Structures are given as C-alpha cells and as structure tokens.
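> Numbering (my numbering), first residue to last: 520 to 779.
Sharing a structure here in structure tokens format.
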Ligand SMILES: [Zn+2]
C-alpha cells in the first residue's frame, strides 16, 4: 500500500510539474495557461503527446525541439523532478491525509512562485490570490469555521506586516525593498501554515536573502548592493518549503525557553 501510494505521488508530481512548467513560462507574460496547448516557445509548433512526457521526453529529445532544434531549458525537467520529489516527501512526512494532500498543493504553489520570481521578479496574482483562498479552505478542513476565520485573519496580518516593513524601508532608503507580491505571498504562507511558522519563514527568508546579498557584494567588490534586484519572494518560498517539512523542531526548540 505504502509503496503504491508512493509511486502514485511521484506520478502525480510529474504530471503537476509538467503543468507547473506551463504556468511558469506563461503567467509572468500574462498569457492563458489553458489555450493554446503546449507548443515550442521558439517555432510555435504544437508539441505531440509523446514528446510531452515529463523528464523522459526531454532526455529522449536531447533537450531540443523536434521541429526546429531550439534548446529546451534544463529548467523544464528540473521543475518536474522537484515537484515529484516534493509530492513524495509530502506523502512520506504527512501520510495519506488532508495535511499530506494540502502540503503537496502548497509545495506546488511555492515552487512555481519561487521559479517565476527568480526568473522574472514577478509573483503573479494568478498564483498568490487562489493560494490564499486555498489556504483558508485547507485551514477550514482541519479546524472548521474557526480555523478558516483565523487563517483569513493571519493572512491579513501577514500582508499588513510586509506593507509596514515596505513603508518603513521606503522612508529610510527612498526605494522599494519588498513588493506587494511579497505581501500576498506571505499572506498565502500564513493562511496555510499559521502565524508561528509564517514568522519563521519571514525570519529565514530575510537571513538567506541578506547572506546572499553580502556574498554577492564580496564577490563583486565594485558593485553596490542596491544595483542587485533580489527575488526576495523566491527566498520566502524556499524558506516556506523548508519550514513546512522541518520547521517544527526549530519552533519547539525555541519555545522551550518560554515554558517555565
Ligand atoms: Zn521548435
């Protein structure tokens, strides 16, 4: 049973990863994810079903379009592989439960947003807004009406927190740090994971982004950090994936200081 479900979660992950690639390449450009069907971004030739199998087709085609020879980014098979790995991990960690299915959905959203932000510095509303709604539904499934209402409240507070940080940053530096996309992203994370884990995500995300910023300055001594456009949302997504799988021990360790 366990092995069968594990195999199915990998297959589901590959299929959803394939769909996620369509979202990643189209949503930041404002294109529809439904029509037209999959086609080569270079020659617009529709991709046949047998050339559209996750990972396998990319390997068999040698990473090139069958029609025009355009080199297909390694990002495509990597996103499919990552989605399959996260779906399997969600099943192995949380089992065949509402939480397991929910965390697989959240991983799908976070992975897509991370790649889109790293690629185009955009966190499309088409992912964050349904993501907030799904987080409220998920919390409702686990905690009833009270759970759903609290999730909505946490989302609102998380968004306000980012808006306030953004405002303070603007007053000091007269430039934009975090965007409104980051506010909606943290709202989504709070709706799914609650306030304690959302705060851990913000904390880890800021530290990771700052560490990379310092590293970048050391490597490029002449450049100023302000010329670096940081995909802060991608750091938040990575921190959220880390936290949803491994955050509990950190939070337990931290909270034991206050238990006297
Ligand atoms: Zn082509």
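Don't be surprised by glycine CBs; every beta carbon is placed ideally from N, CA and C.
All figures in this text were calculated on a predicted structure; none of them were measured in a lab.
1) Got a sec, what are the start and stop residues for the alpha helix (DSSP H) residue 565 sits in?
2) Strictly closer than 6 Å from CB to any heavy atom of ligand 1: give me those residues in the order they appear in the chain.
3) Between 542, 762, 526, which lies nearest to residue 639 when the distance is taken from Cα to Cα?
4) Would you check if the distance between the CB atom of residue 468 and the CB atom of residue 674 is smaller than 8 Å?
5) In angstroms, rounded to a whole number, what distance separates the CA positions of residue 636 and residue 592?
6) What does the Cβ neighbour count give for residue 631, buried or exposed, with the cut at 16 atoms within 10 Å?
7) So, do the stretch 536-552 and the stretch 613-624 have three or more beta carbon pairs nearer to each other than 8 Å?
8) Is the beta carbon of residue 529 less than 8 Å from the beta carbon of residue 627?
9) What separation, rounded to the nearest whole angstrom, lies between the Cα atoms of residue 633 and residue 757?
10) Under 8 Å, with one C-beta from each stretch per pair, do the stretch 728-736 and the stretch 769-778 reach the 3-pair mark?
11) Quick check: the Cα distance between residue 680 and residue 655, rounded to an integer number of angstroms?
12) Excluding sequence positions up to five away, which residues of its chain have a Cβ less than 6 Å from the Cβ of residue 723?
13) Please give me, in chain order, every unbroken run of the beta strand (DSSP E) with length at least 3 that falls completely inside the stretch 607-640.
14) Less than 8 Å between the beta carbons of residue 705 and residue 678, yes or no?
15) Which partner residues of residue 590 appear in the DSSP bridge assignment?
16) Using only alpha-carbon positions, find the residue among 776, 550, 765 that is nearest to residue 506.
17) In terms of residues, what are the limits of the alpha helix (DSSP H) holding residue 718?
18) Just to confirm, is the Cβ distance from residue 603 to residue 536 under 8 Å?
19) Once DSSP output is grouped into helix, strand and coil, what is the label at residue 665?
20) Just the C-alpha distance for residue 762 and residue 629, rounded to the nearest angstrom, thanks.
21) Can the beta-carbon of residue 539 be found closer than 8 Å to that of residue 598?
22) Only counting runs of 4 or more residues, tell me where the alpha helix (DSSP H) segments fall wholly within the stretch 520-545, in order along the chain.
Taking the coordinates as given:
1) As a working note, residue 565 is residue 46 in the chain shown. Looking at the DSSP string, residue 565 is not in any alpha helix (DSSP H), and its letter there is neither H nor E.
2) Every residue whose beta carbon comes nearer than 6 Å to a heavy atom of ligand 1 appears here in chain order: 559, 561, 562, 564, 584, 586, 587, 589.
3) As a working mapping, residue 639 is identified with position 120 in the chain shown. The shortest C-alpha separation from residue 639 is found at 542.
4) Past the edges of the chain, shown from 520 to 779, lies residue 468, and the structure says nothing about it.
5) Here the question's residue 636 lines up with position 117 in the chain shown. Here the question's residue 592 lines up with position 73 in the chain shown. Here the alpha carbons of residue 592 and residue 636 stand approximately 17 Å from one another.
6) Translated into the one-based positions of the chain shown, residue 631 becomes position 112. With 16 or more Cβ atoms within 10 Å of its Cβ, residue 631 is classed as buried.
7) Too few Cβ pairs lie closer than 8 Å, so no.
8) By 1-based counting over the chain shown, the position of residue 529 is 10. By 1-based counting over the chain shown, the position of residue 627 is 108. At least 8 Å separates the beta-carbon of residue 529 from that of residue 627.
9) Stepping through the chain shown from its first residue, residue 633 is reached at position 114. Stepping through the chain shown from its first residue, residue 757 is reached at position 238. Approximately 7 Å, taken between the alpha carbons.
10) The stretch 728-736 is not in contact with the stretch 769-778.
11) Walking along the chain shown from the start, residue 680 turns up at place 161. Walking along the chain shown from the start, residue 655 turns up at place 136. Inter-residue distance for residue 680 and residue 655 is about 19 Å (C-alpha atoms, whole angstroms).
12) Residue mapping note: residue 723 aligns to position 204 of the chain shown, counting from 1. Correct list, in chain order: 758.
13) With a minimum length of 3 residues, no continuous beta strand (DSSP E) run stays inside the stretch 607-640.
14) Taking the first residue of the chain shown as 1, we reach residue 705 at position 186. Taking the first residue of the chain shown as 1, we reach residue 678 at position 159. Between residue 705 and residue 678, the C-beta gap is smaller than 8 Å, which places the two residues in contact.
15) Walking along the chain shown from the start, residue 590 turns up at place 71. Note: residue 590 sits in a beta bridge opposite 583.
16) Outside the shown range of the chain (520 to 779) lies residue 506, about which nothing can therefore be said.
17) As a first step, residue 718 must be located in the chain shown, where it is residue number 199. Note, residue 718: alpha helix (DSSP H), 699-738.
18) Here residue 603 is taken as the residue at index 84 of the chain shown, counted from 1. Here residue 536 is taken as the residue at index 17 of the chain shown, counted from 1. Result yes, Cβ atoms of residue 603 and residue 536 sit closer than 8 Å.
19) Looking up residue 665 in the chain shown gives position 146. Helix.
20) Position 243 of the chain shown holds residue 762. Position 110 of the chain shown holds residue 629. Going by the C-alpha atoms only, they are around 12 Å apart.
21) As a position in the chain shown, residue 539 is number 20, starting the count at 1. As a position in the chain shown, residue 598 is number 79, starting the count at 1. In this structure, residue 598 lies closer than 8 Å to residue 539 by Cβ.
22) Qualifying alpha helix (DSSP H) stretches, in chain order: 521-545.
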